[in-house]
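K.L.:
Residue numbers (this note's numbering): 1250 to 1697.
Before I ask anything, let me first share the structure, which is written out below as structure tokens.
Structure below.
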């Protein structure tokens, strides 16, 4: 209890420092902030402080004390429960009342620290180690040691200090848990996506099985009849509105085409005849020739009907792509000098010869012609024909051309398009053989 002089000194300093409680307490070292403000309010009312603290009236009556002590003894000797049930007093005052009512100590308050003073330093150190390295709660560690949780923390503060955390284990930070409603919405969205994807997968599978469509077909591009077949095939598994919505198919259109499917096919016999004609002619007849064949057989039907039925039965004529002939096969050797230089005029016969291989399409097959033309008057010096554009075709032509000038001293210049026929090894060997005889002209024969 502070004296009158101490209290007056604190109030005057508080006023001098501009009513700053922290500065006043820091300078004097006393009292608490609430006590200082209480003293100031008392000084402000009467410009003075009371000489001492005199309680004019007892705060709790003897009856209240007796009720509190009896409640404590009759309800498990729990201070907290007694204070909570009665609403008074504080823990320290209730403990004092209990000690007053039983001076011999039979009713002394039992606290969790009753066994704390009997612990050795080694036991305290082991308890602190268990607390800091625990994988469980601090209450569980305290129960194992046999002390209260607060006592365990007091030992930790004595041994390690207050700045050291009570648990050295690194806790994994968990992401914030979403609410139950949000999780249920996400679950419902996932279920909806799975159902939608399963429906699309089943539609594509049935389209491949029933109407022979590729698995990557766009279902919206199907015809109404094809959509009707898909809906009927999956109606036992999915609801009708789901199927119609996914296919973008009107309900009225579905029932209309479904009624048409239930009718007898009026073109059943014609459909079979078309399939027979198509297969008999090795899958080569289009709708025009099929229509003509039906007309010769006495069946009068529109070309559009024939084309529609062939499309429904997927009767497609497969035609091989006609390849254009070319003798170019890449650069086999260095290109020779171009001596003609686009001047195809000759002053005399057997001065410049031109040659090439030409392909002809005949009913019996392809035929290849290889001639040599004289630039002087366009005379065909020699030529050869074959069903294959090979080296023999060109070599035969060249040998025949050489024979026409075997007895003269003329040395014609042969010009070609540098195709593979004129650069094969066989032609080079022919040139080498002819170059030994001065009557042959292949010494001057160049491809350019």
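For each residue, glycine too, the CB sits at the ideal point set by N, CA and C.
(1) Three or more C-beta pairs closer than 8 Å, one from the stretch 1339–1346 and one from the stretch 1377–1387: is that the case here?
(2) Helix, strand or coil, according to DSSP, for residue 1549 in the structure here?
(3) Give the DSSP-derived three-state secondary structure of residue 1610 in the structure shown.
(4) Rounded to whole angstroms, what is the Cα-Cα separation between residue 1500 and residue 1481?
(5) Once DSSP output is grouped into helix, strand and coil, what is the label at residue 1324?
(6) Is residue 1565 helix, strand or coil when you go by DSSP?
(7) DSSP three-state label for residue 1696, please.
(8) For a quick check, are the C-beta atoms of residue 1564 and residue 1542 less than 7 Å apart?
(9) Does at least one heavy atom of the ligand ADP sit under 6 Å from the Cβ of residue 1482?
(10) Would you call residue 1624 buried or exposed, if buried means 16 or more other Cβ atoms sit within 10 Å of its Cβ?
(11) Apply the 10 Å Cβ neighbour rule to residue 1761 and answer buried if 16 or more other Cβ atoms are within range, or exposed otherwise.
(12) Give me whichever residues DSSP pairs with residue 1619 in a beta bridge.
(13) Within a Cβ cutoff of 7 Å, which residues of the same chain sit near residue 1448, ignoring the five residues on either side of it in sequence?
(14) So what does DSSP say about residue 1281, is it helix, strand or coil?
(15) Grouping DSSP H, G and I as helix and E and B as strand, with all else coil, what is residue 1603?
(16) Beta carbon of residue 1473, beta carbon of residue 1506: below 7 Å?
(17) What do you reckon, are the CB atoms on residue 1552 and residue 1540 nearer than 7 Å?
(18) Less than 8 Å between the CB atoms is what I'm expecting for residue 1479 and residue 1455, so what's the real figure, rounded?
(19) Please classify residue 1363: does DSSP put it in a helix, a strand, or coil?
P.N.:
On the basis of the coordinates in this document:
(1) no
(2) If you number the chain shown from 1, residue 1549 lands on position 300. Coil at residue 1549, not helix or strand.
(3) As a first step, residue 1610 must be located in the chain shown, where it is residue number 361. In the structure shown, residue 1610 sits in a strand (DSSP, three-state: E or B).
(4) Here residue 1500 refers to the residue found at position 251 when the chain shown is read from its first residue. Here residue 1481 refers to the residue found at position 232 when the chain shown is read from its first residue. Rounded to the nearest whole angstrom, the C-alpha separation of residue 1500 and residue 1481 is 13 Å.
(5) In the chain shown, residue 1324 corresponds to position 75, counting from 1. When DSSP states are grouped into helix, strand and coil, residue 1324 belongs to the coil group.
(6) On the chain shown, residue 1565 is found 316 positions in, with the first residue counted as 1. Three-state DSSP puts residue 1565 in coil, outside helix and strand.
(7) As a first step, residue 1696 is located in the chain shown; it is residue number 447 there, counting from the start. Annotation note: pLDDT 38 at residue 1696 (below 50); position unreliable, coordinate value reported separately. Looking at residue 1696 - three-state DSSP - the assignment turns out to be coil, as it is neither helix nor strand.
(8) Within the chain shown, residue 1564 is the residue found at index 315, counting from 1. Within the chain shown, residue 1542 is the residue found at index 293, counting from 1. Not closer than 7 Å, so no.
(9) Of ligands this structure carries none, so the ligand ADP is not represented either.
(10) Start at 1 with the first residue of the chain shown, and residue 1624 comes out as number 375. With 16 or more other CB atoms across the displayed protein chains lying within 10 angstroms of its CB, residue 1624 is buried.
(11) Not covered by the structure: residue 1761. The range shown for the chain is 1250 to 1697.
(12) The residue you call residue 1619 lines up with position 370 of the chain shown. 1633, per the DSSP bridge assignment.
(13) Counted from its first residue, the chain shown places residue 1448 at position 199. Correct list, in chain order: 1487, 1491 and 1495.
(14) In the chain shown, residue 1281 corresponds to position 32, counting from 1. Note: residue 1281 maps to coil in three-state DSSP.
(15) Translated into positions along the chain shown, residue 1603 becomes position 354. DSSP places residue 1603 in strand when its eight states are reduced to three.
(16) As a position in the chain shown, residue 1473 is number 224, starting the count at 1. As a position in the chain shown, residue 1506 is number 257, starting the count at 1. Yes, the pair counts as a contact, with Cβ atoms nearer than the cut-off.
(17) Within the chain shown, the letter at position 303 stands for residue 1552. Within the chain shown, the letter at position 291 stands for residue 1540. Yes, the Cβ-Cβ distance between residue 1552 and residue 1540 is below 7 Å.
(18) On the chain shown, position 230 is the one that residue 1479 refers to. On the chain shown, position 206 is the one that residue 1455 refers to. Residue 1479 to residue 1455, Cβ: 5 Å. Contact.
(19) Within the chain shown, the letter at position 114 stands for residue 1363. Only weak support is given to the placement of residue 1363: the predicted model assigns it a pLDDT of 48, under 50, and the value that follows is read from those uncertain coordinates. In the structure shown, residue 1363 sits in coil (DSSP, three-state: anything other than H, G, I, E or B).
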